[in-house]
Amino acid sequence: MKDNIIPHDYQISRQDRRAKNNHNSFLLWFTGLSGSGKSTIANVVEQKLYQQNIKTYTLDGDNIRKGINSDLTFAPEDRTENIRRIAEISNLMVDAGVVTLAAFVSPYKKDRQNIRDIVGNVNFVEIYINTSVEECERRDVKGLYKKARAGEIKNMTGISAPYEAPENPDIEIKTEAVSVEDAANLIIDYILPKLKL
Ligand code: ADP
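Residue numbering for the sequence shown follows my numbering, beginning at 913 and increasing consecutively.
#1: Using only the heavy atoms of ligand 1, determine whether one of them is closer than 6 Å to the beta carbon of G947.
#2: Ends of the beta strand (DSSP E) at D972?
#3: Give every residue of the same chain whose Cβ lies closer than 8 Å to the Cβ of R929, excluding the five residues on either side of it in the sequence, and list them in chain order.
#4: K1086 bridges to which residues according to DSSP?
#5: Would you mind working out which of I1103, N1080, A1073 sits nearest S946, comparing C-alpha positions?
#6: CA-CA distance, N916 and Q923?
#7: DSSP state of T985, grouped into three classes?
#8: How is V1017 classed by DSSP in three states: helix, strand or coil?
#9: State the beta-bridge partners of T1069 as determined by DSSP.
#10: Would you mind reading off the limits of the beta strand (DSSP E) that contains L939?
#11: Does the distance from the C-beta atom of E993 to that of L1004 stay below 7 Å?
#12: Evaluate the contact criterion for the stretch 1045–1054 versus the stretch 1011–1024: three or more CB pairs, one atom per stretch, below 8 Å.
#13: Checking 7 Å against the spacing of the C-beta atoms, do P1081 and Y1040 come in under that value?
#14: Using the Cβ count rule (16 or more neighbours within 10 Å means buried), how would you classify Y1057?
#15: Ignore the nearest five residues each way along the sequence and tell me which others in E1076's own chain have a CB closer than 7 Å to its CB.
#16: Give a yes or no on whether the C-beta atoms belonging to A1095 and I1085 are separated by under 7 Å.
#17: Given 6 Å as the limit, tell me if I980 has its C-beta closer than that to any heavy atom belonging to ligand 1.
#18: How far does the alpha helix (DSSP H) with S946 in it extend, from its first residue to its last?
And the structure:
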């Protein structure tokens, strides 16, 4: 089947779309435990980019798990497929010239490597939102830790499922020491040179 898929030679390229936008496009991937602060920080980063006329889009559990990935569970193989599909969607977004933000627990190293392989090393910025499980559990934004402790949720990352921390993230934010605003500014400072064509 794959042999019969011959790509069409479209005249407008990724580079053309980037040039039209006047900025580069790439993927900002936020990884960390549930409640670590991925969406909170991504949201502030996106606002700052938006204010600078950068084209952005944020992918997160709400728009992915409830839509295209609603058929997937939190079992290891489904988590891998979840991330693979998000990486492919991100790749299309980057191709469309959009600075894409993605906030997903993404606990497995091999899955994050797979994202890097799909979108390409230069287009992938790995941001590790490093918050201790104790602090995430104290925050318990969505009440998931309480449910996990009560045995109502299986496969809860940090409690009953592993989180493999990045060894060499492009950016690491320790939210117990850095405010949301400072975290967003750190990320913006890092990506400003990358935005230039
Ligand atoms: P995640 O998207 O990683 O599941 P959320 O962003 O939904 O996490 O929740 C993180 C919670 O932690 C929010 O209620 C946020 O206000 C709070 N928080 C406290 N300090 C910080 C910080 N320095 N950085 C990010 N979030 C923080």
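By construction, the Cβ of each residue, glycine as well, lies at the ideal position given by its N, Cα and C atoms.
No experiment lies behind these values; they were computed from the predicted model shown.
Per the coordinate set shown:
#1: Proximity of the beta carbon of G947 to ligand 1 is indicated: a heavy atom of the ligand is located closer than 6 Å.
#2: Per DSSP, D972 is one residue of the beta strand (DSSP E) stretching across 968–972.
#3: If you ignore the 5 residues before and after R929, its C-beta comes within less than 8 Å of the C-beta of S937, D1007, A1008, G1009, all in its own chain and listed in chain order.
#4: In the DSSP assignment, K1086 is bridged to N1042.
#5: Check the Cα spacing between S946 and each of I1103, N1080, A1073: the tightest is with A1073.
#6: N916 and Q923: Cα-Cα distance of roughly 21 Å.
#7: Three-state DSSP puts T985 in coil, outside helix and strand.
#8: Coil at V1017, not helix or strand.
#9: In DSSP, T1069 forms a bridge with A1073.
#10: Counting along the chain, the beta strand (DSSP E) containing L939 begins and ends at 939–943.
#11: Going by C-beta atoms, E993 is not nearer than 7 Å to L1004.
#12: Segments in contact, no.
#13: It is a contact, given that the beta carbons lie within the stated cut-off.
#14: Taking a 10 Å sphere around the C-beta of Y1057, we find 16 or more other C-beta atoms and assign the residue as buried.
#15: Closer than 7 Å at Cβ, skipping near neighbours: P1019, Y1020, K1021.
#16: Yes, these two residues count as a Cβ contact at 7 Å.
#17: The beta carbon of I980 sits no closer than 6 Å to any heavy atom of ligand 1.
#18: S946 -> no alpha helix (DSSP H), and no H or E assigned at all.
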